[in-house]
Every structure is written in C-alpha cells, then in structure tokens.
Amino acid sequence: MNLQFTELIRNRSSARVFVIAVLIVILVPAFVFASFLAVSSARLERAQLEQNAQNKSREVAAAIDREVIAIENVLVTLASSSHLQAGDLEAFYRKAVNASRAVGVVIVLRDTQRDQQAVNTAFSFGTQLAQGTRPPRSEADEQVLRSGKPIVTNVYFGRLLNEYFVSAMVPIFVGNDLRYFLSAGVSLKRFADLVGSLSLSAEQVVNVIDRNGVFITRSLDHGAYAGKRISYLFPPDAQSVVRGTGRNGIPSHWFIRQSDLLGWRIATGVPNSVLEAPMKRAVGTLIAAGGLLFCIALGFGHIWGGRLAQSAGAFGIDRKPTREEFEVLFDSAPHGVMVADDHGRILLVNARLAAEFGYLRDELIGQQVEILLPERLRGGHAMLRQVFARDPQARVMAAGRELYARRKDGTEFPVEIGLSPIKPRGDRLVMVTVMDISARKLASQRLLATTTERDELRRRFVRAQEQERLRLAHELHDQTGQSLTAVMLEIKDIEKSAEDAHRQRFRLLRLDLEQIGQIMHRIAWELRPASIDELGLASALANYVSEWSMQCNIAADFHCGDSRIDELSQEICTTIYRVVQEALTNVAKHARTATGVSIVIARTDGWLRLTIEDNGGGFDQNVLAESKTGPNGGLGLAGMRERPMLIGAEFEVESSLGMGTTIFARIPLEARRAAA
Amino acid sequence: MNSKHRIVLTDDHPIVLSGLRNLVQAEDDFELVGQALSGLAALKIIREQLPDLAVVDISMPELNGILLGRRLANEAPAVKLLVLTLHEDLAYLKQALDVGVRGYILKRSAAENLVQAMRSVVLGGLYVDPAIAHRFFDTGAKSARGGYSAVNIPQLTERESEVLKYVALGFTNKEIARRLDISAKSIETYRLRGCERLGLKTRVELVRFAAAEGWLSDV
C-alpha cells in the first residue's frame with residue numbers, strides 16, 4: 001500500500017518534471033528570439049530619436065541662415081541708397097526706419113572716421129548717440145568688411161537699448177573711402193522666436209551658439225541663457241555628437257551642426273534618459289514578460305503534469321480506473337463486497353454478495369448490515385460496530401474466531417470478513433469483504449479427519465509391528481530356544497552312552513545345534529530385545545549402545561539422567577529404543593568420519609529429552625531438505641521422524657557440515673499428554 | 677561332611693529341566709536336592725534346602741532370575757547361583773553379577789560346558805560363558821576411561837555456562853538461540869569454547885559434568 005503510494009508520487013512528479021522540461025525547451029528559444037526582436041526595435045527607436053535631433057539641428061541652422069540672409073539683403077539694398085553718397089543722412093534715416101520696421105531690426109549707421117553712430121533707427125533722427133556700443137569685430141571680420149562684403153558679428157550687449165544683439169554689417173564706401181558701416185542689430189529674442197516657431201518635440205532642447213561660444217538662444221529658458229558663455233568647448237567638426245551634462249544637470253547627448261554661413265553651432269540636446277528609454281523599456285518588458293511566462297509554464301506544467309500522470313499514467317501504474325472499469329471491478333470481485341456507512345446502513349453491494357446471501361441487490365441497499373447476521377449475533381454486532389467506528393482500521397473481523405452469516409432463507413454459512421475504512425468527502429464508510437469459507441472449512445475438516453485417521457492407522461500399524469516382533473522374538477527365543485536347549489541336553493545324554501563311533505557324530509550334531517541357537521538368539525535380539533521389558537530401557541539401551549560401539553568401532557557413550565525411566569509406557573520405551581537404533585544405524589551408514597557418539601536421556605519439566613549426537617561430517621540441512629527421499633539417508637530420517645510423531649513427540653535434527661549431527665526427540669510425558 | 681555338592685535346578689521349560697537333570701545325575705559328585713519350574717517355586721525350595729549351588733534361568737514366570745538372585749543375596753547368601761540363560765545381552769550379565777551371581781552360562785553351550793561351570797562356581801570360582809566374556813571385558817576397559825578433575829574447573833563466561841547448561845539439558849540449538857536471543861551459530865561457538873576449557877569431548881561427558889555441578893537439578 002505504502003509502496004504503491006510512493007510509486008504514484010514518484011510517477012506523478014516524474015511526469016511533472018517531464019512536462020516542465022518540454023515547456024522550457026519550447027519557451028527558451030522563443031524567448032531568446034523575442035529578446036532579439038525587442039532589442040533591435042529599441043535600437044531602431046533610439047536611432048530614430050538621434051536622427052530627429054540631428055535633423056532638428058540642421059533645420060534650425062537653415063532657418064537662421066535664411067533669416068540672416070534676408071536681413072543682409074535689406075542692408076545691402078539700403079547701403080546702395082543714393083542718399084548716403086549724397087550725404088543726406090536724414091533722408092537715409094527715413095528710409096532706414098521704414099526698412100527697420102519692415103524687417104524688425106535696429107538699423108545703425110556708424111561713421112568710421114568719427115567712430116560714432118550717425119543714424120540709429122531706434123531713436124529719432126538727431127539724438128546724441130555718443131555711448132552707442134560698437135559691435136565687436138575680429139581682425140578677419142575687418143578684412144572681410146574692407147573687401148566690401150557683409151559680416152555677421154557675435155553676440156554683444158547693446159548699451160543704448162540695454163539688450164543683447166547680433167549684428168549683420170555691410171561696409172559703405174564713399175568714393176574709395178570706407179566711410180560707414182551699416183549694421184542691423186538683431187535682438188536675440190528674434191532668434192528665440194525663430195527657434196520657438198519651429199516645432200520641437202518635448203524632449204529636445206535646441207541651443208544656438210555663436211563663434212565665441214556664447215548662447216544666442218536656447219529653446220528652453222531663453223532669458224537665462226542668452227549672452228552667457230557655454231561651459232565647455234565644442235569640437236571643431238561641422239557635425240558631431242557630444243555627451244555631457246548641461247547647466248540644468250540633466251545628462252544629455254548633443255547633436256551639433258555648424259552653420260556654413262555664420263559659423264554658429266546649433267546643438268540639439270536629447271536627455272540620455274530619453275535615448276535609453278526604449279532599451280530600458282524593452283529589457284524591463286522582457287524580464288517581466290519572461291518571468292511571468294516562466295511562472296505560468298511552471299504552474300501549468302505542475303498541474304498538467306500531475307493530471308497527465310493521473311489520466312494517462314506515466315507508465316500506466318497510477319491510473320485511476322474509470323467509473324465503468326470500477327463497476328466491472330466491483331462486480332467481478334471473487335468475493336462479496338459491500339460498502340456501509342458508519343450507522344451500519346448498506347450503501348453499495350456487488351452482485352456476488354447479493355447472490356451469496358440470496359437477496360436481490362435492491363433489497364439490501366439501505367438495510368442495516370445486521371440483516372446478514374444470524375439473529376443471535378445481531379445485538380452484539382451493533383455494539384462492535386461502534387467500537388470499530390471509534391478506531392477504524394483495515395483488519396480481518398474477529399480474527400481467529402469462526403464467523404457465521406445468514407442467508408435470506410435463514411441458513412447459515414461460515415464466512416471470513418475483511419473491513420477497510422474509506423473516507424470519500426469526509427463521510428465515514430466501511431468497505432466490507434465477505435468470503436464464503438464453507439468449502440475451505442469442509443476441506444480442512446476432511447483433511448484433519450484424514451490425517452487423524454492416517455496417524456491412527458500408522459500407530460496401529462507400528463503397534464502391530466512391535467507386537468508381531470515381540471511375539472516372533474519370544475517364540476524364537478523362549479520357545480524354540482528352550483526346545484533347542486532340551487534337544488542338545490538330550491543328545492548329550494545319549495552321547496555318553498553311545499559307542500565311540502557314534503559319539504563323535506553326536507558331538508558334531510550338538511555343535512551345529514549350538515550354532516543354530518546362536519543365530520536364533522541374534523535374530524530374536526534384533527527383532528526386539530527382551531531386556532527392554534525385563535531389565536528396563538536404560539539397561540537395554542546401554543547394552544545396545546556398547547554392542548553397537550564394538551561392532552562399528554566407534555566410541556559410544558550412553559547416559560540416562562532419568563531415574564524414573566522404568567515408569568514409562570511400553571510404547572514410549574519401544575519408540576526411544578527404536579529411535580536410538582535407527583540413529584545409530586544411520587551414523588554407521590552415513591557418518592563415516594564419526595569417531596564418537598553420545599546418547600543422552602534426560603527429563604526436564606515434563607518432557608523426556610532424547611539427544612543423540614555424533615561428531616561426524618554432518619550434512620547441509622538445506623540440501624537434505626530438498627531430497628527427502630534420496631538414497632542417502634533421507635528415508636532414514638523420515639523413518640526416525642515417524643515413530644516419535646505417533647506418540648506426540650517433537651523431533652528435530654540439527655546438523656551442519658563439519659559440525660556433526662544431533663538428533664533431538666522431545667517426548668511429552670503422561671501428565672503433559674493428558675493435559676494437552 | 678557330605679562330599680557331594682547339593683544342587684537345585686530351575687527352569688520354566690520341563691524338557692530343558694529334564695535334560696539338565698540327566699546331565700547332573702550323570703556326575704558322581706553332584707546330588708540333586710530339588711528342582712523348580714518357576715521363580716517363586718525356586719525361591720521356596722532354595723530356602724528350604726539351602727543347596728551349595730542353584731542353577732537358575734533369568735526368564736522365569738513369577739520371579740525372574742535377577743530378582744531371585746537379589747532376594748537370595750539377603751535371605752541365603754551362602755547359596756551360590758549359576759545363571760543358565762538364553763540371553764546374550766551384556767546387560768543381563770552385568771545385572772546378574774551385580775546381584776551376586778557367581779556364574780553365567782548360555783544355554784547353547786550348556787550341553788558342552790554346564791558341568792564344568794557348575795564345578796567352577798561350587799568350588800568358589802567365577803564363571804562367565806566364554807562366548808560373551810570377551811565382550812564384557814572389552815567394554816569394561818573402555819568405560820574405565822574419561823572422567824574429569826573436579827578440583828580444577830576452569831572459569832567459564834556466563835554465556836558459556838548458560839549455553840552448556842541448556843545443551844546438557846537436551847535443548848536444540850534453535851531453542852537455546854531463542855531463549856538467549858543469540859544466533860544458532862554463536863551457540864555452537866560458545867559450546868565448543870566452553871567444552872574445550874573444561875576438557876569435555878562428548879555430550880555425555882558434558883551431561884555428567886553438568887549433573888555433578890548440579891546444573892540439571894534447578895530446572
């Protein structure tokens with residue numbers, strides 16, 4: 001039962017492991033492939049983000065270039081005005097104001113010789129503009145201007161308007177002299193607006209930086225950055241990617257593009273967190289999804305594997321029978337089977353049981369189990385049932401006693417009943433197996449009768465044999481022996497008075513008769529020594545043993561420790577004598593290496609113990625047991641067993657190779673026999 | 677003093693008795709003073725006559741030769757007894773000698789040797805039929821050996837003496853093993869060791885030792 005149970009568990013778990021392994025083998029490659037796809041797509045997404053940032057930089061650069069070119073065009077148009085050549089600054093002022101309004105810049109005309117502003121469209125004509133800021137120009141800018149080409153300055157602070165500016169500037173020659181610089185001061189706010197007008201995505205930050213590394217504008221928080229110097233240097237390449245942490249402390253990637261026209265750098269920043277987000281998301285999703293999948297697989301494998309083991313059975317051992325199979329099993333059981341509840345009501349009965357008791361199945365269902373008992377036992381049974389209900393354990397009912405059941409027609413028959421408690425859904429039920437043992441009982445009774453009869457016959461046979469031997473021995477010894485003696489004495493008498501010639505013949509005749517007497521004595525003694533009866537068993541045995549010892553030349557010693565041995569019945573005495581006789585015959589025949597034999601008779605607590613021990617080669621008891629009727633003495637042992645058995649004695653032989661053989665006979669004495 | 681030896685003959689077989697009578701009467705120095713066909717009759721006649729020699733059989737009705745001898749040893753010790761018997765068992769011879777019989781002759785050699793045997797015994801000798809005499813003295817020599825010195829009993833372990841005790845009582849190894857809760861193989865070992873220490877070779881020696889030690893009485 002236990003064994004089957006562990007087997008079942010082992011099978012179930014092996015099925016589980018198997019199913020889980022299969023699932024894992026399927027899932028792992030799928031998971032690896034999914035990871036590959038997710039990581040690729042995350043990389044693609046990041047590349048897209050980077051591309052967008054680069055595009056944005058280019059777009060901003062292009063927009064600024066266009067703006068600046070437009071302003072320069074306005075300046076070039078103004079510079080070619082005839083008013084300047086004519087020196088009519090006032091007319092020029094009016095024209096410039098119009099242009100400045102149209103373009104939205106501050107136009108300043110600076111006199112190079114006096115190095116001061118001649119016209120400023122931010123102010124009315126004629127206003128003293130002594131402290132006007134001179135836009136910063138490098139040496140290179142100066143040369144470009146002298147060659148008559150426009151420049152765009154870096155960021156500077158316009159003191160008059162109290163604001164940061166970038167100026168586009170064109171030289172104006174009067175004759176061959178560089179007489180004026182016409183500049184358009186573009187407020188940095190204008191670039192901020194420009195950048196703002198381009199649609200930036202939320203994560204992008206665009207910085208526009210002049211050639212000196214000063215912020216022109218920043219798409220976020222323009223006011224705080226404009227005019228400030230950047231805190232790090234850009235590489236000189238026209239297009240590059242820089243990693244760094246901005247003033248706001250957010251680590252970012254900067255995608256930088258340099259404007260060909262202005263030499264300004266447009267840097268579009270994307271925070272690292274945004275760039276790394278797709279990969280993080282993908283890995284996170286993978287871990288979460290993978291873990292979930294694994295757990296589901298494990299759970300699924302556990303349940304399904306267990307169910308698989310149950311329904312299919314890993315190797316068909318632990319499969320539960322289906323309902324139909326169960327019914328067949330139940331009905332085809334070779335014995336009556338029924339199920340009763342703990343109130344003794346019959347719930348289920350198989351066909352066999354109903355037939356055995358002579359009922360229809362429906363007649364039994366719902367009845368008390370006592371209906372199946374003889375009336376005289378019903379009362380007691382109800383009580384026994386309660387005892388069983390208190391401690392239900394599988395067992396055979398009333399083991400060792402005879403149980404009877406009652407058929408519908410009132411007849412009784414002997415049964416053996418097995419009880420097994422079962423517990424479906426908390427109900428306490430008992431499965432009862434009823435076995436009709438009439439046939440078995442009858443057979444055992446017959447066997448017992450036959451055995452008893454056979455033993456009695458054997459006993460009678462042995463007794464008859466002994467009596468016959470006794471009679472023969474007596475006849476030979478006493479009757480014939482005496483007659484022979486008488487004849488010899490008679491011949492002796494005649495011999496004395498006979499002639500010499502006949503005397504010798506009489507003597508020879510006498511010697512022949514003497515020989516016959518000796519032979520007859522020998523035969524009689526072997527048949528049954530009269531000494532058992534006349535001198536007692538101990539003397540007879542002692543004599544027999546010493547005779548045997550001389551004849552076989554094996555030392556033999558006899559000890560009788562029972563002072564009351566002569567009180568034994570003739571049957572017991574004869575049995576003991578015969579057992580010793582047979583044992584010694586066996587020793588002479590089989591125990592070739594024996595040099596000593598001990599025969600001991602002792603009386604202990606109601607038993608007479610006869611022990612015959614030799615120191616010969618012994619034998620393997622297992623081998624002997626296999627060949628009981630073998631030529632080598634098996635029969636001798638069987639013969640020896642026979643006699644003690646008939647007087648109720650126990651007979652035992654102990655032997656092992658090299659240790660000699662010991663024969664034990666334990667004979668129950670009268671008192672014990674009577675009691676037994 | 678009567679020079680003739682007074683003889684009583686006893687045998688339960690009338691023809692044998694008459695044969696014996698012929699044999700005795702043929703001798704001049706023997707005087708037959710009585711004869712009997714049974715043990716009790718023999719006892720009666722011997723008591724009355726107190727002969728020099730009584731020839732008796734062992735197997736006799738009413739009172740056998742051995743018991744007769746035992747009674748006569750008390751009641752008429754002067755009467756010498758010669759057993760004339762069919763029994764060749766040494767057991768009879770031993771028993772007969774034990775009760776004081778002075779001669780033992782087999783019936784088959786009676787015709788030849790009875791008279792000679794009677795003369796030997798009546799003259800104070802001891803006669804044992806030559807046909808069994810040699811066996812008697814052979815075993816006599818044999819049974820003289822053995823014996824152990826009770827003075828120097830070596831110490832046995834408790835287990836050894838327990839085992840030897842049960843062996844002496846005739847228990848099988850299996851029974852002993854069950855009682856002492858050790859294996860049958862160990863029993864053999866304990867027994868061998870114990871017997872070696874005591875210098876005992878056979879079971880009979882062991883039993884006699886045990887009896888002398890008083891081991892057998894407490895069961």
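Going down the list, the protein sequences come from chains A and B.
For the first sequence, position 178 (counting from the first letter as 1) is numbered 178 according to our numbering, and the numbering increases by one without interruption.
Just add 676 to the spot in the second sequence (first one is 1) and you have our numbering.
Cβ atoms here follow ideal geometry from the backbone N, Cα and C, with glycine treated the same way.
Scanning the region 685-772 of chain B for uninterrupted beta strand (DSSP E) segments of 3 residues or longer gives 706-712, 729-732, 756-761, listed from N- to C-terminal end. Put simply, the backbone Cα of residue 577 of chain A is about 18 Å away from that of residue 472 of chain A.
For residue 542 of chain A, at least one C-beta of chain B is nearer than 9 Å to its own C-beta.
By a beta-carbon distance limit of 8 Å, residue 508 of chain A does not contact residue 488 of chain A. Their separation comes to about 12 Å. Residues 215, 218 of the same chain have their beta carbon placed closer than 6 Å to that of residue 225 of chain A, with the five preceding and five following residues left out of the count.
Counting C-beta atoms within 10 angstroms of its own C-beta, residue 849 of chain B has 16 or more neighbours from the protein chains shown and is therefore classed as buried.
Contact residues of the region 732-757 of chain B toward chain A are 734, 735, 740, 742 (C-beta to C-beta distance below 8 Å).
Under the criterion of beta carbons closer than 8 Å, residue 61 of chain A and residue 266 of chain A qualify as touching, at roughly 5 Å. Burial is judged here by how many other beta carbons sit within 10 angstroms of a residue's own beta carbon; residue 295 of chain A has fewer than 16 and is exposed. For the region 781-811 of chain B, the beta-carbon criterion of a distance under 9 Å to any beta-carbon of chain A is satisfied by 782, 783, 784, 785, 786, 787, 788, 790, 807, 811. Under the Cβ criterion (8 Å, minimum of three pairs), the region 559-569 of chain A does not count as touching the region 805-812 of chain B. Straight through space, the alpha carbons of residue 361 of chain A and residue 607 of chain A are spaced by roughly 58 Å.
When the five nearest sequence neighbours on each side are left out, the beta carbons in the same chain lying within less than 8 Å of the beta carbon of residue 231 of chain A are those of 247, in order along the chain. Just so you know, the alpha carbons of residue 383 of chain A and residue 389 of chain A end up roughly 10 Å apart. It is roughly 12 Å from the alpha-carbon of residue 785 of chain B to the alpha-carbon of residue 763 of chain B. In the DSSP assignment, the residues bridged to residue 652 of chain A are A:664.
At a beta-carbon threshold of 9 Å, none of the residues of chain A lie near residue 709 of chain B; the nearest stands roughly 20 Å away. Exclusion of the five residues before and after residue 69 of chain A leaves 261 as the residues of its chain whose Cβ lies within less than 8 Å of its Cβ.
Here residue 57 of chain A is buried. Its C-beta has 16 or more other C-beta atoms within 10 Å. Approximately 6 Å separates the beta-carbon atoms of residue 683 of chain B and residue 727 of chain B; this is inside 8 Å, confirming the contact. Secondary structure note for residue 116 of chain A: it is in no alpha helix (DSSP H), and the uninterrupted beta strand (DSSP E) holding it is 116-120. Considered as a whole, the region 141-206 of chain A harbours 188-197 as its complete alpha helix (DSSP H) runs of no fewer than 4 residues, in chain order. Residue 258 of chain A carries a strand assignment under DSSP once its states are collapsed to helix, strand and coil. Contacts with chain A at 9 Å (Cβ-Cβ) include residue 765 of chain B.
Scanning its chain for C-beta atoms nearer than 6 Å, with the 5 sequence neighbours on each side dropped, one finds no residue around residue 750 of chain B. Neighbours of residue 864 of chain B in chain A, taken as residues at a C-beta separation under 7 Å, are given in chain order as 659.
The C-beta of residue 813 of chain B comes no closer than 9 Å to any C-beta of chain A. The C-beta distance from residue 429 of chain A to residue 340 of chain A rounds to 7 Å, short enough to meet the 8 Å contact threshold.
Burial is judged here by how many other beta carbons sit within 10 angstroms of a residue's own beta carbon; residue 433 of chain A has at least 16 and is buried. For residue 532 of chain A, the enclosing alpha helix (DSSP H) starts and ends at 531-534. The contact set of residue 689 of chain B on chain A, defined by CB atoms closer than 7 Å, consists of 482, 486 in chain order. DSSP places residue 401 of chain A in the coil class of the three-state scheme, outside both helix and strand. Residue 659 of chain A sits in coil when the DSSP states are folded into three classes, being neither helix nor strand. For residue 214 of chain A, the secondary structure class from DSSP, reduced to helix, strand or coil, is strand.
In the three-state DSSP reduction, residue 555 of chain A falls in the strand class (E or B). For the pair residue 561 of chain A and residue 602 of chain A, the CB atoms are nearer than the 9 Å cut-off.
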